[in-house]
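Okay, so here's the structure we're looking at.
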Amino acid sequence: MKIWSYALLVFLGGCSYGVVSTFVKIAYSQGFSLSEITGCQYFMGSIMLWVISIFVPKVRLKYKQWLSLMISGIPMGLTGIFYNKTLSYVDASFAIILLLQFTWISIILQYIFNKKVPNGKNLIATGIILFGSILASGFLRTEMTFSIIGISFGMLAALSFAFFIFLSGRTGITIHPIYKSAIMTTGASLIIFIFLPPVFLINDELVNELWIYGLLTGFFGSLIPPILFNIGMPKIGGSLGTILSASELPMAVTMSTCILHETVSLLEWIGVAIILFGIAYPNVQIRQHYLFHREQ
Numbered sequence: 001m002k003i004w005s006y007a008l009l010v011f012l013g014g015c016s017y018g019v020v021s022t023f024v025k026i027a028y029s030q031g032f033s034l035s036e037i038t039g040c041q042y043f044m045g046s047i048m049l050w051v052i053s054i055f056v057p058k059v060r061l062k063y064k065q066w067l068s069l070m071i072s073g074i075p076m077g078l079t080g081i082f083y084n085k086t087l088s089y090v091d092a093s094f095a096i097i098l099l100l101q102f103t104w105i106s107i108i109l110q111y112i113f114n115k116k117v118p119n120g121k122n123l124i125a126t127g128i129i130l131f132g133s134i135l136a137s138g139f140l141r142t143e144m145t146f147s148i149i150g151i152s153f154g155m156l157a158a159l160s161f162a163f164f165i166f167l168s169g170r171t172g173i174t175i176h177p178i179y180k181s182a183i184m185t186t187g188a189s190l191i192i193f194i195f196l197p198p199v200f201l202i203n204d205e206l207v208n209e210l211w212i213y214g215l216l217t218g219f220f221g222s223l224i225p226p227i228l229f230n231i232g233m234p235k236i237g238g239s240l241g242t243i244l245s246a247s248e249l250p251m252a253v254t255m256s257t258c259i260l261h262e263t264v265s266l267l268e269w270i271g272v273a274i275i276l277f278g279i280a281y282p283n284v285q286i287r288q289h290y291l292f293h294r295e296q
C-alpha cells in the first residue's frame, strides 16, 4: 500500500467517530435513556472487538498487565457517559466541538504530570482552537441559547478523553492493538455498568430496537476507528495522524446538519475550519512530497 492509502484509513477512522453522535441523538429521540444507549454502545463494541481478537496473535499477560489495561479504559468509559449526557442537552454539532477541547487540555496534562512545558506553537494552537470554538459554537448568534449543564458535561468529556489518551501512551504493554482495544473497552464497559447499571440486559429494551443503536454506535465508535488507526498511524506518523483523525469534527457537523437538520451557519462552519487549522498548526511537518513519494 502507498502512504496515501494509510492516510485515507486514518481519515476514515476519524469520520467513523464523527457519525456516533448522530446515532446517539436518534436513539434519544426514540425514547432510550443514557444508561441504555451508553451501556449498549460499549457492551456491543467490546463484544465485536473480542470476536475479532480471536483471529489476532496474543501474548500471555500477567494479572497486573490486565489490570493496568482495564484501568486505562476507565477514562474511555467516562468519556462515553459524559459525551452521551452532553448530547441530551445540546446539538450534536456543538457537542463534538466541546469534545475537541481535549486537544489543549492534553497540553495541560502533559505539563502537570510530565513537566513538559508547551512550546510557542502549542500555545498559539490553543488560542486558535479556542477562537474557532467560539465561532463554531454559535456563541455570537444573539438568538442562540446555551445549556450550562450541557457545556459542563461536554468539558468533562473532553477532560476524560484527554486522560484516556494520556494513560494509553503510558501502559508500555506491547500486544496486538485489537487485543489491547478489547481489554480496554471491557474496562470502559465495567465502569459504565457501575455508574449506569445495565438493566437493558434484563428488560425488553435490548430486543426493542436498542440493539440496533448499540450495534451502530459500537461499530462506528469502538470497532472501526481502532482498527483503521492501528493500521494507518504507524505508517504515517502521529503528527499527520492527528490532523487526519480530526475529520470527526466536520463529519459530525455534516451529519447533524443533513440527518438531524440542525442549523449550522456559515460563521459556524468558518469556526470549524479554524479549529481544524488550530489542530493542524503545531503538527504540520514541512515535507512537500510526504504523501506522494513515500511508499511502504
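In terms of the UniProt record's numbering, the sequence shown has 249 at position 249, counting the first letter as 1, and numbering is strictly consecutive. In this text, a Cβ means the ideal position worked out from N, Cα and C, and glycines have one as well.
- Take the alpha-carbon of residue 71 and the one of residue 178: they are about 17 Å apart.
- As DSSP reads the structure, residue 62 sits in no beta bridge.
- Taking the CA atoms as reference points, residue 201 sits about 30 Å from residue 152.
- Between residue 13 and residue 223, the C-beta spacing is not below 7 Å.
- Each of 192, 181 and 100 was checked against the Cα of residue 51, and the nearest Cα belongs to 181.
- A distance below 7 Å between beta-carbons, with the five flanking residues on each side excluded, links residue 236 to the following residues of its chain, in chain order: 3, 6, 7 and 10.
- Under the criterion of beta carbons closer than 8 Å, residue 83 and residue 95 qualify as touching, at roughly 7 Å.
- Looking from the CA of residue 40, the closest CA among 81, 65 and 59 belongs to 81.
- Counting only unbroken stretches of 4 or more residues, the alpha helix (DSSP H) elements lying wholly within the segment 175 to 215 are 177 to 195, in sequence order.
- With respect to the 7 Å criterion, residue 79 and residue 160 are classified as neighbours on the basis of their beta carbons.
- Here DSSP, grouped into helix, strand and coil, assigns residue 119 to coil.
- Between residue 65 and residue 158, the gap from beta carbon to beta carbon reaches 7 Å or more.
- Short of 7 Å from the beta carbon of residue 36, and not among the five residues preceding or following it, lie these beta carbons of its own chain, in chain order: 200, 205 and 210.
- In the three-state reduction of the DSSP assignment, residue 96 falls in the helix class, which pools H, G and I.
- If you compare the alpha carbons of 23, 155, 114 and 116 with that of residue 133, the shortest gap goes to 155.
- Here the segment 244 to 259 does not lie against the segment 111 to 120, with fewer than 3 beta-carbon pairs under 8 Å apart.
- Residue environment: residue 116 is assigned as exposed (fewer than 16 neighbouring CB atoms within 10 Å of its CB, all protein chains considered).
- At the C-beta level, residue 16 and residue 164 stay beyond 7 Å of one another.
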